[in-house]
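Colleague:
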Amino acid sequence: MSLSLFALQVVNGVEYGLLLFLVASGLTLVFGVLGVLNFAHGSFYMLGAYLAFWLSQRTGSLLLAILVGLPVMVVIGLVVERLAIARLYARDHLSQVLLTYGLVLLFNELQRGLFGNDVHGVATPKALAWTMPLGEAQTWPAWRAFTALACICVAAGMRQVILKTRFGMRVRAGASNAEMVEALGIDVRKLFATLFSAGTALAGFAGMLAAPLTTVYPGMGEGVLILSFVVVVIGGIGSIKGAFVGALLVGLADTFGKVLLPGFASAMVYAVMAAVLLWRPRGLLGPAFEGR
Amino acid sequence: MRQRLVLLVAAAALGAVALTGDRFWLQFLGKAMIGCILAISLDLLVGFTGLVSLAHSAFFGLAAYVLTGLTNGIGLTNPAATLPISVACAAFAALIIGWLSLRATGVYFIMVTLAFTQMLFYVFNDSAALGGSDGLYVQSRPVEGRMAAYVVIWAALLLVYLLLSRVLRAPFGRVLEGIRGNEQRMRSLGYPTRRYKLAAFVVAGAVAGLAGYLDATLYGFVNPAQLGWRQSGLVLVTVLLGGRGTLYGPALGALLLAFIEHYGARVTDHWNALIAALVIAVVLFLPRGLAGLVQGAPRV
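Here the protein sequences line up with chains R and E, keeping their order. Heads up, the first sequence is in numbering that gives the first Met the number 0, so the first residue is 0 and it goes up one at a time. Heads up, the second sequence is in numbering that gives the first Met the number 0, so the first residue is 0 and it goes up one at a time.
(1) Considering only their Cβ atoms, is the gap separating L41(E) from G232(E) smaller than 8 Å?
(2) Assuming P249(E) is part of the beta strand (DSSP E), what are its boundary residues?
(3) Roughly how many angstroms separate the alpha carbons of T58(R) and F243(R), rounded to a whole number?
(4) Can you tell which of L44(E), Y121(E), R1(E) and G49(E) has the C-alpha that lies nearest to the C-alpha of P227(E)?
(5) Could you give the first and the last residue of the continuous beta strand (DSSP E) run that contains Q117(E)?
(6) My output table needs one value for Y88(R): the three-state DSSP class, helix, strand or coil.
(7) Quick one: which chain R residues come within Cβ less than 8 Å of F58(E)?
(8) How many angstroms separate the CA atom of C88(E) from the CA atom of E260(E)?
(9) Label M272(R) either buried or exposed according to how many other C-beta atoms from any shown protein chain fall within 10 Å of its C-beta, with 16 as the threshold for buried.
(10) Tell me, please, whether the CB atom of L104(R) is closer than 8 Å to any CB atom in chain E?
(11) For H40(R), which of helix, strand or coil comes out of DSSP?
(12) For P217(R), which three-state DSSP category applies?
(13) Mind checking the segment 40-64 of chain R against chain E and listing, in chain order, the residues whose C-beta falls within less than 8 Å of any C-beta there?
(14) Find the nearest neighbour of H269(E) within the set V13(R), N11(R), L109(R) and S55(R), judged by alpha-carbon distance.
(15) Suppose only complete runs of 3+ residues qualify. What are the beta strand (DSSP E) ranges in the segment 88-159 of chain R, listed by chain order?
(16) If we cut at 8 Å on Cβ distances, does H92(R) have a partner in chain E?
(17) Does M32(E) pass the burial test, meaning 16 or more other C-beta atoms within 10 Å, or should it be called exposed?
(18) Note down, one range per segment and in chain order, each alpha helix (DSSP H) of at least 4 residues found wholly within the segment 183-232 of chain E.
(19) Under 8 Å, do G282(R) and L19(R) count as touching if we go by C-beta distance?
(20) Does A11(E) pass the burial test, meaning 16 or more other C-beta atoms within 10 Å, or should it be called exposed?
(21) Output, in sequence order along the chain, the residues in the segment 265-278 of chain R whose CB is closer than 9 Å to any CB in chain E.
(22) Along chain E, which residues have their Cβ under 7 Å away from the Cβ of V96(R)?
(23) How is L283(R) classed by DSSP in three states: helix, strand or coil?
(24) Compute the distance between the beta-carbons of V121(R) and A51(R), then report whether it is under 8 Å.
(25) Within 8 Å of any Cβ in chain E, is that where the Cβ of I84(R) sits?
(26) Please confirm whether A200(R) and V10(R) have their CB atoms less than 8 Å apart.
(27) For a contact meaning CB atoms closer than 9 Å, what does F123(E) contact in chain R?
(28) Can you name, in chain order, every residue of its own chain whose Cβ lies under 7 Å from the Cβ of F288(R), other than the five neighbours on each side?
(29) Over the uninterrupted alpha helix (DSSP H) stretch that includes L62(R), give me the two end residues.
(30) Taking 8 Å as the threshold (beta carbon to beta carbon), is W228(E) in contact with chain R?
(31) Listed from N- to C-terminal order along the chain, which residues in the segment 254-269 of chain E have their beta-carbon within a distance smaller than 8 Å of any beta-carbon of chain R?
(32) Under 8 Å, do G46(E) and V238(E) count as touching if we go by C-beta distance?
(33) Can you give the Cα-Cα distance for Q56(R) and G68(R), rounded to whole angstroms?
(34) Can you pull the chain R residues whose beta carbon is under 7 Å from the beta carbon of P286(E), in chain order?
What follows is the structure in structure tokens.
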């Protein structure tokens, strides 16, 4: 492998990993704080991508579509939390898996009803439709660089919010002991709803960023969902830092797997996961003891 | 006593369908009974041991692929050979996946079984030699003829039902239920709980393999979608719909779901939305499933 090809794989792997982080961080927080295992999280990624497709056709600009789409995702998150997720807080994992599985089926049917089974392309914004040279032979599309940059900004912002704000403090407290937070007189329902819709918006945002790269197609959320589970398992449930490390690991393993072991690439990621589990059954940065 | 009578009548009725020789019903109920086998074997894990596994479709699909490989690859069709080999392969896969997955507990366990299922899915989906996403035809089936296949499936369902109800009444089954109730207490009583869970996982995986073998026999066709996580999710739905923690509940759920699937597809193209609504309604309003409506009946 030449140096420039290697460099291309590294930047692509990191960019993919960052995108996965956006999805996985919501998943891990919703589980860590709300205690709900949300299979519909991948559907939010799909919804985001379809919103980007539909809105960019209406408005003629993907960036505008993202600006309009994000508040829509927040609202979707609030509605789903109120109607479905809020009923699951006191229920066991099986009920959570099944109800959110039902939501996956529902969202898939909604997508099929509205947009059909076709694959749709989304145009990259003109200002970012160029590529940058990478070594002698390779080029890297500016949209991928923009995606990576946007993800880094979101990750850094998330870190600030979680470490430095009152809301972040409550989130951290909720992740370690939600009952105690409630006993201290904090409105947990509001906290949960805010957190859930933030996770929804993050997954949707990832879908919007990915739309020009991967095209928009039925079932696109499921692959991302499963990979996000792998990320969360590798990183440790409830740990944002773990999700970040896990996402980069999975992104790189997947990208290099496709080049080095074509045909076995998709299985490669799971081999990494199995290895981590053998070594640390609760993930790299997971809690030493099971909290719940 | 009354419950036994009902089950006996149901079994006899399902058997009597074979005598009619009607093409549609043989195929339809054959498929539904395979769903029953799959659902009650998963219930051994979900309802009795308290393990929510999403790997069940993997063992189902794997055994189906093993049968296809044996008949297409080396021309081995005789069920006396292919059945034990296919089921053993599923059991072996369950041993490996179970051993790895059971290092994790609770929600980790769910996610890990899901990941292994998808890994197997991609192995078959991405490999042209294994048929790729189109799947493979079974060139010669172990049981020829629709009626013969139906009778075999019917007998398999009865055997699996009797076997599992025997297993669950035995001390082994009691230990599994103890693990579901309070694993730590069972461990402190001296039971090696992880080994018990692994044993349950392997038994359930082997029975799922049997169901996959029968499916490939009935349809003469395998494809990777049978291995995917959506399929596993659907089996979980079946178990919950019928009522976890009982053996007849999931069987009932499988029959009901087969009817909904068939007639729903006739009424609307969006029958998945019907299933989705049903699942959500059952989770919210009927957590013990249909079997929860029957009061006071014994569970196995």
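All C-beta atoms, glycine included, are put in the ideal place defined by N, C-alpha and C. Note that the coordinates shown come from a computational prediction; the quantities given were computed from them, not determined experimentally.
Modeller: Considering the structure as presented:
(1) Within the second sequence, the letter at position 233 stands for residue 232(E). Within the second sequence, the letter at position 42 stands for residue 41(E). No. Outside cutoff.
(2) One-based indexing of the second sequence puts residue 249(E) at position 250. Looking at the DSSP string, P249(E) is not in any beta strand (DSSP E); the run it does join, the alpha helix (DSSP H), is Y247 to V266.
(3) Against the first sequence, residue 58(R) aligns to sequence position 59. Against the first sequence, residue 243(R) aligns to sequence position 244. If you take the alpha carbons of T58(R) and F243(R), they lie about 33 Å apart.
(4) Walking along the second sequence from the start, residue 227(E) turns up at place 228. Before going on, a small fix: residue 227(E) reads as Gly here, not Pro. The option with the nearest alpha carbon to G227(E) is Y121(E).
(5) The count along the second sequence starts at 1 and reaches residue 117(E) at position 118. Looking at the DSSP string, Q117(E) is not in any beta strand (DSSP E); the run it does join, the alpha helix (DSSP H), is G105 to D125.
(6) Reading the first sequence from its first residue, position 89 is the one you call residue 88(R). The answer is coil: DSSP assigns Y88(R) none of H, G, I, E or B.
(7) Looking up residue 58(E) in the second sequence gives position 59. The premise fails here: F58(E) is roughly 16 Å from chain R at the closest Cβ pair, so nothing lies under 8 Å.
(8) The residue given as residue 88(E) occupies position 89 in the second sequence. The residue given as residue 260(E) occupies position 261 in the second sequence. Cα to Cα, C88(E) sits roughly 30 Å from E260(E).
(9) Within the first sequence, residue 272(R) is the residue found at index 273, counting from 1. Result: buried.
(10) Start at 1 with the first residue of the first sequence, and residue 104(R) comes out as number 105. Yes, L104(R) lies at the interface with chain E (some Cβ there is under 8 Å from its Cβ).
(11) One-based indexing of the first sequence puts residue 40(R) at position 41. Taken through DSSP and simplified to helix, strand or coil, H40(R) comes out as helix.
(12) Within the first sequence, residue 217(R) is the residue found at index 218, counting from 1. Looking at P217(R) - three-state DSSP - the assignment turns out to be coil, as it is neither helix nor strand.
(13) none
(14) The residue you call residue 269(E) lines up with position 270 of the second sequence. For H269(E), the nearest C-alpha among the options comes from L109(R).
(15) 130-133 and 137-140
(16) Numbered from 1 along the first sequence, position 93 holds the residue referred to as residue 92(R). Answer yes: the Cβ-Cβ gap between H92(R) and chain E drops below 8 Å somewhere.
(17) Within the second sequence, the letter at position 33 stands for residue 32(E). So M32(E) counts as buried.
(18) Counting only runs of 4 or more, we get 192-218.
(19) Position 283 of the first sequence holds residue 282(R). Position 20 of the first sequence holds residue 19(R). The answer is no: Cβ separation not under 8 Å.
(20) On the second sequence, position 12 is the one that residue 11(E) refers to. The residue in question, A11(E), is exposed, as its Cβ has fewer than 16 Cβ neighbours within 10 Å.
(21) So the list reads S265, A266, V268, Y269, A270, M272, A273, L276 and L277, given in the order they occur along the chain.
(22) Stepping through the first sequence from its first residue, residue 96(R) is reached at position 97. Near V96(R) (Cβ distances below 7 Å), the residues of chain E are V51, I109 and L235.
(23) Residue 283(R) sits at position 284 when you count from the first residue of the first sequence. Look at L283(R) here: in three-state DSSP terms it is coil, with no helix or strand label.
(24) Taking the first residue of the first sequence as 1, we reach residue 121(R) at position 122. Taking the first residue of the first sequence as 1, we reach residue 51(R) at position 52. Yes. Within cutoff.
(25) In the first sequence, the residue the question calls residue 84(R) occupies position 85. No, because no Cβ of chain E sits closer than 8 Å to the Cβ of I84(R).
(26) Within the first sequence, residue 200(R) is the residue found at index 201, counting from 1. Within the first sequence, residue 10(R) is the residue found at index 11, counting from 1. In this structure, V10(R) does not lie closer than 8 Å to A200(R) by Cβ.
(27) Along the second sequence, read from residue 1 onward, the residue named residue 123(E) stands at position 124. Result: empty, since nearest Cβ-Cβ is about 10 Å, beyond 9 Å.
(28) Locating residue 288(R) in the first sequence gives position 289, where the first residue counts as 1. Here the model assigns F288(R) a pLDDT of 43, short of 50, so the residue's position is not dependable, and the following value carries that caveat. Cβ neighbours of F288(R) beyond the five flanking positions: none.
(29) Against the first sequence, residue 62(R) aligns to sequence position 63. L62(R) -> alpha helix (DSSP H) spans L61 to L82.
(30) Your numbering for residue 228(E) matches position 229 in the second sequence. With 8 Å as the cut-off, W228(E) counts as an interface residue toward chain R.
(31) H269
(32) The residue given as residue 46(E) occupies position 47 in the second sequence. The residue given as residue 238(E) occupies position 239 in the second sequence. Against a cut-off of 8 Å, the Cβ pair of V238(E) and G46(E) comes out as a contact.
(33) One-based indexing of the first sequence puts residue 56(R) at position 57. One-based indexing of the first sequence puts residue 68(R) at position 69. Going from the Cα of Q56(R) to the Cα of G68(R) covers about 13 Å.
(34) Against the second sequence, residue 286(E) aligns to sequence position 287. By Cβ distance, chain R contributes S94.
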